[in-house]
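One structure below.
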Amino acid sequence: MTNEQSFDYDLFVIGGGSGGVRAARLASQAGAKVAVAEEYRYGGTCVIRGCVPKKLFVYASRFHGEFEDARGFGWDVEPKGFDWTKLVAAKDKEISRLSQIYLTNLGKAGCTAFEDRAVVTGPNEIKLVNEGRTISAKTILIAVGGTPFKPDLEGAELGITSNEVFDLKTLPSHVTVIGGGYIAVEFASILNGLGSKTTLAYRGPSVLRGFDEDVRDGLTEAMQARGVDVRLNASPKKIEKTNGKDTNDGLVLHFEDGSTLETGLVMFATGRVPLTKGLGLETVGVALGRNGKIEVDEFSQSSVPSIYAVGDVTDRVNLTPIAIREGAAFVETVFKDNPSKVDHSQIPTAVFSQPEVGTVGLTEEQALEQYGTIDVYKSQFNPMRNTISNSVERTLMKIIVEQASQKVLGVHILGPDSGEVTQALGIALKMGATKADFDATVALHPSAAEELVTMKDKSYSRP
Ligand code: NDP
Numbered sequence: 025m026t027n028e029q030s031f032d033y034d035l036f037v038i039g040g041g042s043g044g045v046r047a048a049r050l051a052s053q054a055g056a057k058v059a060v061a062e063e064y065r066y067g068g069t070c071v072i073r074g075c076v077p078k079k080l081f082v083y084a085s086r087f088h089g090e091f092e093d094a095r096g097f098g099w100d101v102e103p104k105g106f107d108w109t110k111l112v113a114a115k116d117k118e119i120s121r122l123s124q125i126y127l128t129n130l131g132k133a134g135c136t137a138f139e140d141r142a143v144v145t146g147p148n149e150i151k152l153v154n155e156g157r158t159i160s161a162k163t164i165l166i167a168v169g170g171t172p173f174k175p176d177l178e179g180a181e182l183g184i185t186s187n188e189v190f191d192l193k194t195l196p197s198h199v200t201v202i203g204g205g206y207i208a209v210e211f212a213s214i215l216n217g218l219g220s221k222t223t224l225a226y227r228g229p230s231v232l233r234g235f236d237e238d239v240r241d242g243l244t245e246a247m248q249a250r251g252v253d254v255r256l257n258a259s260p261k262k263i264e265k266t267n268g269k270d271t272n273d274g275l276v277l278h279f280e281d282g283s284t285l286e287t288g289l290v291m292f293a294t295g296r297v298p299l300t301k302g303l304g305l306e307t308v309g310v311a312l313g314r315n316g317k318i319e320v321d322e323f324s325q326s327s328v329p330s331i332y333a334v335g336d337v338t339d340r341v342n343l344t345p346i347a348i349r350e351g352a353a354f355v356e357t358v359f360k361d362n363p364s365k366v367d368h369s370q371i372p373t374a375v376f377s378q379p380e381v382g383t384v385g386l387t388e389e390q391a392l393e394q395y396g397t398i399d400v401y402k403s404q405f406n407p408m409r410n411t412i413s414n415s416v417e418r419t420l421m422k423i424i425v426e427q428a429s430q431k432v433l434g435v436h437i438l439g440p441d442s443g444e445v446t447q448a449l450g451i452a453l454k455m456g457a458t459k460a461d462f463d464a465t466v467a468l469h470p471s472a473a474e475e476l477v478t479m480k481d482k483s484y485s486r487p
């Protein structure tokens, strides 16, 4: 006879974002009694102040270039202006709709949803901060995500982050984005496209560290050509206010090399950190790593057996589809007796900069390091649309192949719609496609993507 302790819930999820909500719904569908607590708005970073509003802003910012290009095709278009408040209101309406869907779906799946901050008070205990109620659960899942990080420099409080940029009252006339990662290049492109005078200040020699070198250099040049003032090797030192107005106006940014820049708004896009502060995890013995991330094993279990964690709070691969997969694998493992891990390799990803980046698999340098001898196929071309639009921006496509097996290890694209193309390429790479498979595929004509199957001659081999 077992002596099972009884709990209020089988599963208590802290965090109503992509990973937490997916896990809660699937666990409930598997027969578990589930509750979720979210302190801000259901939907999490992706829906409320990340991927979704960002992509809506990306669409808005692209019209600028479209109007320009249209002239080459015979259209006489003169945009009368851009209404920032209208865009923000439309975005707010859409994210409210999506947030409500998240909440509704939790209810439909039979989960209890609390709109409250929850903290961990024991290996099987949670406290709802506002209600003051203590709840017990057999398993606790932490899915609280991350939050923007600002470097510790003088005047950092004068700058905003991606948390605030979506709700600015007005479009800044001059903005400086600090950083060179995903968020920095995406927001510099958005704000530039919407009409702000935009500076991107990055401490490194080329944006998007970790991406393929050709893509990094190509994007840096293309952003400059599109009007972003890209300042490289520019490490921020302090921000100073030059007049009594708000943060939309009158700031001076000082760099480590002694140079200065007068700007309006400063936006930090200097990374994100796990949101574990004050969650009570240390007090119950959950091991935390760098920047407070929850240390988990490949099944997302923390050092306390009843506590699991998925998504950005574990700082593995900080992408929405990964959090969703980790949430689903957690449910398979804990509630379906089917231990499941998430494969973190060959993840297709896009950076919605302008131009866009799509990438899957290894970069040239990673492939060389891991496989020793590689063939590289590279093409830079003028897409058909530009022949008439008068744009001079070239598209870059690069295929990295292991020489011995001829397996395609990575594909990197810089150009329009590269994210869309890369999703499909992800299937091919996951299936282990070889260069011969690419060659055997008939071109879809006329398209830019056909270049991927018509690059017959290798550009070079390495080492
Ligand atoms: P990233 O880690 O991508 O980039 C952070 C940037 O800030 C880097 O360029 C880094 O420089 C720089 N930086 C860090 N610390 C300092 C400092 N003290 N002073 C100056 N610069 C600094 O973070 P993001 O904030 O851009 O994005 C967070 C994560 O969110 C991404 O990693 C990604 O996983 C996810 N994301 C995904 C998107 C997508 O899929 N399209 C879109 C947006 C976000 P250095 O390179 O030198 O370290």
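Using my numbering, you'd call the opening residue of the sequence shown number 25 and step up by one each time. Yeah, the Cβ is synthetic: ideal placement off N, Cα and C, and Gly gets one too. Predicted, not measured: the structure shown is a model, and the values here were computed from it.
Asked: Check: P260 C-beta below 7 Å from any heavy atom of the ligand NDP; Found: yes
Asked: Own chain residues within Cβ distance below 6 Å of G203, not counting five before or after; Found: A293 and T294
Asked: DSSP-derived helix/strand/coil call for D32; Found: coil
Asked: Own chain partners of D253 with C-beta closer than 6 Å, once the 5 adjacent residues on each side are dropped; Found: T223
Asked: Heavy atom of the ligand NDP within 7 Å of F81 beta-carbon; Found: no
Asked: Between the CA atoms of L420 and G242 - distance to the nearest angstrom; Found: 8 Å
Asked: G228 Cβ short of 7 Å to the ligand NDP heavy atom set; Found: yes
Asked: Residues of its chain near T271, where Cβ-Cβ distance is below 7 Å and the 5 sequence neighbours each way are ignored; Found: Model confidence at T271 stands at a pLDDT of 48, short of 50, so the residue's coordinates are unreliable; what they give is reported in the following sentence. Cβ within range, chain order: L182, I184 and L289.
Asked: Cβ pair S324, A311 closer than 8 Å; Found: no
Asked: Those residues which DSSP pairs with Q404 across a bridge; Found: L420
Asked: Short Cβ contact (8 Å threshold) for S259 with R227; Found: yes
Asked: E102 classed as buried or exposed, judged by whether at least 16 other C-beta atoms fall within 10 angstroms; Found: exposed
Asked: Run of the beta strand (DSSP E) containing A208, from where it starts to where it stops; Found: First-last for A208: Y206 to L218, but that is the alpha helix (DSSP H), not the beta strand (DSSP E).
Asked: Reduced DSSP category for T271 - H, G, I as helix; E, B as strand; rest coil; Found: Here the model assigns T271 a pLDDT of 48, short of 50, so the residue's position is not dependable, and the following value carries that caveat. The answer is coil: DSSP assigns T271 none of H, G, I, E or B.
Asked: For R409, the nearest candidate out of K422, Q394, T397 and P440 (CA to CA); Found: P440
Asked: A374 Cβ short of 7 Å to the ligand COA heavy atom set; Found: Looking at this structure, you won't find the ligand COA anywhere; what it does contain is the ligand NDP.
Asked: Nearest neighbour of E380, chosen from V201, D34, E90 and M247 [CA to CA]; Found: M247
Asked: 8 Å CB neighbourhood of I412 in its chain, flanking five on each side removed; Found: G96 and F97
Asked: Assigned secondary structure, T446 (DSSP; H/G/I helix, E/B strand, else coil); Found: helix
Asked: Residues bridged to A61 [DSSP beta-bridge criterion]; Found: I38 and F138
Asked: T294, DSSP secondary structure in three states; Found: coil
Asked: Distance CB(G39)-CB(A167) smaller than 8 Å; Found: yes
Asked: Minimum C-alpha distance to K482 - residue among K422, L449 and Q447; Found: K422
Asked: Where H368 sits in the DSSP three-state scheme; Found: coil
Asked: Range of the contiguous alpha helix (DSSP H) that encloses D461; Found: K459 to A464
Asked: 8 Å CB neighbourhood of T244 in its chain, flanking five on each side removed; Found: S230, V231, V254 and L256
Asked: Q378 - DSSP class collapsed to helix/strand/coil; Found: coil
Asked: Selected residue, minimal CA-CA separation from T307, among T383, P298, K115 and S327; Found: S327
Asked: Sequence-distant residues of its chain with Cβ nearer than 6 Å to F36 (five each side left out); Found: A59, I150, A161 and I164
Asked: Sequence-distant residues of the same chain with beta carbon closer than 7 Å to D281, five excluded per side; Found: none
Asked: A293: CB within 7 Å of a non-hydrogen atom of the ligand NDP; Found: yes
Asked: Start and end residues, beta strand (DSSP E) containing E149; Found: E149 to L152
Asked: Contact set for A473: own chain, Cβ-Cβ below 7 Å, skip 5 residues either direction; Found: V445
Asked: In DSSP terms, what V432 is bridged to; Found: V425
Asked: Where Y33 falls, given that 16 or more other Cβ within 10 Å makes a residue buried; Found: buried
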